[in-house]
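For reference, the structure discussed in these notes is given below.
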Amino acid sequence: MLDHQLPPGKKLLIDQLSRELGCSISVVRESLFQLASERRVFYRPNRGFMVARLLS
Numbered sequence: 193m194l195d196h197q198l199p200p201g202k203k204l205l206i207d208q209l210s211r212e213l214g215c216s217i218s219v220v221r222e223s224l225f226q227l228a229s230e231r232r233v234f235y236r237p238n239r240g241f242m243v244a245r246l247l248s
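Sequential numbering of the sequence shown, starting at 193, is according to the numbering used here.
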């Protein structure tokens, strides 16, 4: 996100991230909720997580 490899609005798939990062789904989910609290991603119930637009 910070180096703009993930464009704003891109949906983040928890199971895919879990496989890519080699960690459990619960760790990825917890991390995404933390990023949501920092407004780096958006969480929409029943839709999941999406990359937020980062302001400089």
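The C-beta atom is built at its ideal place from N, Cα and C for all residues, glycine as well.
Only buried fits residue 241, as 16 or more other CB atoms lie within 10 angstroms of its CB.
Here residue 203 is near residue 239, since their CB atoms are less than 9 Å apart.
Shown here for residue 233: same chain residues with a beta carbon closer than 8 Å to its own, the five before and five after excluded, namely 193, 204, 224, 227, 241, 242, 243 and 244 in chain order.
Of the residues assessed, residue 220 falls on the buried side of the cut-off, its CB having 16 or more other CB atoms within 10 angstroms.
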